[in-house]
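Working notes, structure below.
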Amino acid sequence: MPRKNTLKKAEARLGFLFILPSLILIASIIIYPLCYNIVLSFHKVALNPLKQPKFIGFSNYMNLLTDGDFIKSLMLTFLYVIITVATSTTVGLLIALLMNRKFKGRGIARSLVILPYVAPVISLVFVWQYMFNGIYGVANYLTVDKLHIFNAAPAWFDHPILSMVLVILFDTWRVFPYSFMMILAALQAIDGSLYEAAMIDGAGSWKQFWAITLPEIAPVLGSLVVLRSIWNFYKFDDVYLLTKQVPIMGVYLYQTAFSIYDFGLAAAITVALFIIVMTFVLFVKRKVSRI
Amino acid sequence: MSNKKIKDLILNILVIVVICVTLTPFYFMLTTALKTSQGSVAYPPQIFPTELTLQHFKDILNPAIFPFWRYFRNSFFVAFTTATLAVIIGSMGAYSLAKLDFPGKKLFQEGSLVVYMFSGILLVVPLFRIISSVGLYNNKFSLVIACLVTTLPATLFMLSSYFTTIPVSLEEAAMIDGLSRLQVIYKIVLPLSIPAIMSVFAYVFMIAWNDFLFSSIFLSTPDNMTLSVGLRQLFSSKDYVWGRMMAASFLTAIPVVIMFSMIERFITGGLTAGGVKE
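Below you can see the structure in the form of structure tokens.
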């Protein structure tokens, strides 16, 4: 008995020792900054790092609530999140269903479809800027000269609504492969005998989809929607790089901090974002088992 | 039978359409990099370039004209260091989570799940202040740490779920044969986990290589810049030579694409098991 006990103790010691680097890193680079950020949000932070921040109570938060830009940015973000989550998940689902059959070159087809998700966002943004250029862009050529959707070259990067359309298109294209991979894996895990049984019962493909496929992949779809909502709520890089016309929360936060250099206000925005997403997570946590 | 064939044909055509649409931007990236400067601004746009040139690639790779190699080296250093550290620290932590018991394990697991959802932009403001005050501003190492930590929860999750699949009996048998716990880890567990370790390496490499957010605030001088920030600075004017821009974009994308295609078999399994973020 005592020997077993010391063994257990040795195990625990080793276990703790092994997790220690991760623990230290997460505590010092994530937990501590998040706490420090709360402190910052109650201060007026000078640009000069040597100058002590000045305590100003809830002023930053009051500014946020009375500042129309924050509310506007928040609404814009909700809109962006709802649309992109819907589009990227739907597109991912449809393509996963399409590729969940045996056909020649399936492996290559799958790898090719994943490319937008893998490539660096900077490269992708550059080529979209080229394709959607107002003078010689191919998007302009297609929508104006060929399809006659627009009368004149649309200002994809400068018009508020068109820019929103553009960033939604971009994000859908960039992240649908993630939904695609997850859903495809879930599809391939479905027990084939379920379909055989359904076929004997005379169920057509449409019915099979609703009765078998959808319930089987529902947990994956659920976690996809939750994760994508959170990630897109924090979205920054591709929207910021593509256009200045869509100030979603991530962009608004970044600009407050690094263009206006109001770190106190930016810290308050961070706290607000944190609370919003935390509320969302707690709300869905009970509903989605996998999260 | 022929009905099924027609259905298959339609579905196959759909697959081809999907691939073509998905790859269109990549097509324009490559062809524009090969077009002449006049060709890239021609209207109507040249879907098929009339004249091809390698001049833009030569310009980009010429250190006298363009600091591409310096940025490339910086990106590679950051991505490689981050991925290596992630594999080492992640394997240790994941083994602990998968096979050992220690007080507070449950709390740690739940905590790291939360961390997994809260990173990136939320850390930017406080981290920038902290990094500046400890003197790591404009130091590539700050980027390494930021990328390492934000990917750590996913790394731990992927590796520990893989380690769990290695039967305990195997390890016990080896220990009865006289191997110590540490020997078991590096002689049995790690070699068996090569696919998972490779996927984690590639995943972290990709995140660090593609990072724009942290690089844009941590790095300030061209000496230290990675490709993402460096290229953005060079091409901030919109009517810059498109050919060069596309050639640089293409070369920036190549390393991660090659890496990903090599380990795609492993990573699709790993990604889906871990629910890994972009």
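Chains R and S, in that order, are what the protein sequence lines are. First residue of the first sequence: 430, per our numbering; consecutive thereafter. First residue of the second sequence: 4, per our numbering; consecutive thereafter. For each residue, glycine too, the CB sits at the ideal point set by N, CA and C.
Open item on the list: Can you list, in chain order, the residues of its chain with a C-beta nearer than 7 Å to that of Val520 of chain R? Leave out the 5 residues immediately preceding and following it.
Closed with: Taking the first residue of the first sequence as position 1, residue 520 of chain R is located at position 91. Answer for Val520 of chain R: Thr601 and Phe605, listed in chain order.
Task: Residue from S:Leu159, S:Val232, S:Phe31 and S:Thr224 with nearest C-alpha to Gly93 of chain S - done: Here residue 93 of chain S is taken as the residue at index 90 of the second sequence, counted from 1. Of S:Leu159, S:Val232, S:Phe31 and S:Thr224, the residue nearest in Cα terms is S:Leu159.
Open item on the list: If I measure Cβ to Cβ from Leu88 of chain S and keep anything under 8 Å in the same chain, skipping five residues before and after, which residues do I get?
Closed with: For the purposes of this step, residue 88 of chain S is taken as residue 85 along the second sequence, with counting starting at 1. These residues qualify, in order along the chain: Val147 and Leu151.
Open item on the list: Please list, in chain order, the chain R residues whose beta carbon lies closer than 7 Å to that of Met265 of chain S.
Closed with: Taking the first residue of the second sequence as 1, we reach residue 265 of chain S at position 262. For the C-beta of Met265 of chain S, not a single chain R residue is nearer than 7 Å; the gap to the nearest is close to 10 Å.
Task: DSSP beta-bridge partners of Lys38 of chain S - done: Taking the first residue of the second sequence as 1, we reach residue 38 of chain S at position 35. Partner residues in the beta bridge of Lys38 of chain S, as assigned by DSSP, are S:Leu55.
TODO: Please name the residue or residues paired with Phe484 of chain R in a DSSP beta bridge.
DONE: Against the first sequence, residue 484 of chain R aligns to sequence position 55. Note: Phe484 of chain R sits in a beta bridge opposite R:His472.
Open item on the list: So, at 7 Å on beta carbons, what are the nonlocal neighbours of Asn434 of chain R in its own chain, with the 5 sequence-adjacent residues on each side left out?
Closed with: In the first sequence, counting from the first residue as 1, residue 434 of chain R sits at position 5. None.
Task: Ile723 of chain R at chain S interface by Cβ criterion, 7 Å - done: Outside the displayed span of chain R (430 to 720) sits residue 723 of chain R, for which this structure offers no information.
Open item on the list: Between which residues of its own chain and Glu267 of chain S is the CB-CB distance below 8 Å, once the five residues before and five after are set aside?
Closed with: The count along the second sequence starts at 1 and reaches residue 267 of chain S at position 264. Contacts found: none.
- [ ] Output, in sequence order along the chain, the residues in the stretch 64-92 of chain S whose CB is closer than 8 Å to any CB in chain R.
- [x] Result list: Ile92.
Open item on the list: Whether or not the stretch 30-47 of chain S and the stretch 247-266 of chain S are in contact is what I'm after, with contact meaning three or more pairs of Cβ atoms, one per stretch, closer than 8 Å; do they touch?
Closed with: Three or more Cβ pairs drawn from the stretch 247-266 of chain S and the stretch 30-47 of chain S lie within less than 8 Å of each other, which places the two stretches in contact.
TODO: Taking only beta-carbon positions, decide if Phe215 of chain S is within less than 7 Å of chain R.
DONE: On the second sequence, position 212 is the one that residue 215 of chain S refers to. Closer than 7 Å: yes.
TODO: Return yes when the Cβ of Leu505 of chain R is within less than 7 Å of the Cβ of Ile677 of chain R, no when it is not.
DONE: Within the first sequence, numbered from 1, the residue matching residue 677 of chain R stands at position 248. Within the first sequence, numbered from 1, the residue matching residue 505 of chain R stands at position 76. It is a contact, given that the beta carbons lie within the stated cut-off.
Open item on the list: Applying the 10 Å Cβ sphere with the 16-neighbour rule, what's the burial state of Trp660 of chain R?
Closed with: For the purposes of this step, residue 660 of chain R is taken as the residue at position 231 of the first sequence. Buried: at least 16 other Cβ atoms inside 10 Å.
TODO: Could you name the residues of the same chain whose beta carbon sits closer than 6 Å to that of Ala101 of chain S, not counting the 5 residues immediately before and after it, in chain order?
DONE: Along the second sequence, one-based indexing puts residue 101 of chain S at 98. Listed in chain order, the non-local C-beta contacts of Ala101 of chain S below 6 Å within the same chain comprise Ser163, Phe166 and Thr167, local neighbours out to five positions each way being set aside.
TODO: Look at the alpha carbon of Leu443 of chain R and the alpha carbon of Leu193 of chain S, and state the distance between them as a whole number of angstroms.
DONE: Your numbering for residue 443 of chain R matches position 14 in the first sequence. Your numbering for residue 193 of chain S matches position 190 in the second sequence. Their Cα atoms are separated by approximately 17 Å.
Open item on the list: Which complete alpha helix (DSSP H) runs does the stretch 622-698 of chain R hold, if anything under 4 residues is left out?
Closed with: With a minimum length of 4 residues, the continuous alpha helix (DSSP H) runs that stay inside the stretch 622-698 of chain R are 634-637, 643-662, 666-671 and 678-687.
Task: Three-way DSSP call (helix, strand, coil) for Ile220 of chain S in this model - done: Counted from its first residue, the second sequence places residue 220 of chain S at position 217. It is helical.
Open item on the list: Measuring straight from C-alpha to C-alpha, what distance separates Met628 of chain R and Lys7 of chain S?
Closed with: Taking the first sequence and counting its residues from 1, one reaches residue 628 of chain R at position 199. Taking the second sequence and counting its residues from 1, one reaches residue 7 of chain S at position 4. Between Met628 of chain R and Lys7 of chain S, the C-alpha separation is close to 15 Å.
TODO: Please list, in chain order, all residues of the same chain as Leu653 of chain R whose beta carbon is under 7 Å from its beta carbon, the five residues on each side excluded.
DONE: Working through the first sequence from its first residue, we reach residue 653 of chain R at position 224. So the list reads Thr518, Ser608 and Met611, once near-sequence residues are dropped.
- [ ] Pick out the complete beta strand (DSSP E) segments inside the stretch 553-616 of chain R, 3 residues or longer, and give them in chain order.
- [x] Not a single unbroken stretch of the beta strand (DSSP E) spanning 3 or more residues falls wholly within the stretch 553-616 of chain R.
Task: Helix, strand or coil at Thr168 of chain S [DSSP, three-state] - done: Here residue 168 of chain S refers to the residue found at position 165 when the second sequence is read from its first residue. Note: Thr168 of chain S maps to coil in three-state DSSP.
- [ ] Pull up the CB-CB distance for Phe471 of chain R and Ile485 of chain R, whole angstroms please, since I reckon it's below 8 Å.
- [x] For this step, residue 471 of chain R is matched to residue 42 along the first sequence. For this step, residue 485 of chain R is matched to residue 56 along the first sequence. Contact between Phe471 of chain R and Ile485 of chain R is confirmed by a C-beta separation of about 7 Å, below the 8 Å threshold.
- [ ] Pick helix, strand or coil for Pro156 of chain S, following the three-state DSSP scheme.
- [x] The residue labelled residue 156 of chain S in the question sits at position 153 within the second sequence. Residue state for Pro156 of chain S is assigned as helix, using DSSP reduced to three classes.
Open item on the list: Let's test the definition: count the other Cβ atoms within 10 Å of the Cβ of Pro48 of chain S and tell me whether it reaches 16, buried, or not, exposed.
Closed with: Working through the second sequence from its first residue, we reach residue 48 of chain S at position 45. By the 10 Å Cβ count, Pro48 of chain S comes out buried.
Task: C-alpha gap between Lys190 of chain S and Ala177 of chain S, whole angstroms - done: Taking the second sequence and counting its residues from 1, one reaches residue 190 of chain S at position 187. Taking the second sequence and counting its residues from 1, one reaches residue 177 of chain S at position 174. Those two C-alpha atoms are separated by around 10 Å.
Task: C-alpha distance - Tyr570 of chain R paired with Leu591 of chain R, whole-angstrom precision - done: Walking along the first sequence from the start, residue 570 of chain R turns up at place 141. Walking along the first sequence from the start, residue 591 of chain R turns up at place 162. Computed Cα separation, rounded: 16 Å.
Open item on the list: Taking 7 Å as the threshold (C-beta atoms), are Pro589 of chain R and Gln674 of chain R in contact?
Closed with: Position 245 of the first sequence, counted from the start, is the residue given in the question as residue 674 of chain R. Position 160 of the first sequence, counted from the start, is the residue given in the question as residue 589 of chain R. Inclusion of Gln674 of chain R and Pro589 of chain R in the CB contact set at 7 Å is warranted, their separation being smaller than that value.
Open item on the list: My output table needs one value for Leu508 of chain R: the three-state DSSP class, helix, strand or coil.
Closed with: Residue 508 of chain R sits at position 79 when you count from the first residue of the first sequence. Assignment of Leu508 of chain R by DSSP, reduced to helix, strand and coil, places it in the helix class.
TODO: Identify, in the order they occur along the chain, each residue of the same chain with its Cβ nearer than 7 Å to the Cβ of Phe217 of chain S, setting aside the five sequence neighbours on each side.
DONE: Here residue 217 of chain S refers to the residue found at position 214 of the second sequence. Counting only Cβ-Cβ distances below 7 Å, and skipping sequence neighbours, we find Leu146, Ala149 and Cys150.
Open item on the list: So Ile179 of chain S contacts chain R; which residues on that side make the cut at Cβ distance below 8 Å?
Closed with: Against the second sequence, residue 179 of chain S aligns to sequence position 176. Per Cβ cutoff of 8 Å: no residues; Ile179 of chain S is ~14 Å from chain R at best.
- [ ] Could you tell me the boundaries of the alpha helix (DSSP H) in which Lys533 of chain R lies?
- [x] Taking the first residue of the first sequence as 1, we reach residue 533 of chain R at position 104. Where Lys533 of chain R is concerned, there is no enclosing alpha helix (DSSP H), given that its DSSP letter is neither H nor E.
Task: Proximity test, Cβ basis, 7 Å: Phe692 of chain R and chain S - done: Here residue 692 of chain R corresponds to residue number 263 of the first sequence, with the count starting at 1. So, interface residue.
Task: Rounded separation between Val573 of chain R and Pro549 of chain R - CA only - done: Locating residue 573 of chain R in the first sequence gives position 144, where the first residue counts as 1. Locating residue 549 of chain R in the first sequence gives position 120, where the first residue counts as 1. When rounded, the distance between both Cα atoms is 30 Å.
TODO: Would you verify that the beta carbon of Leu1 of chain S is, or is not, closer than 7 Å to some beta carbon of chain R?
DONE: Nothing can be reported for residue 1 of chain S, as the shown portion of chain S is limited to 4 through 281.
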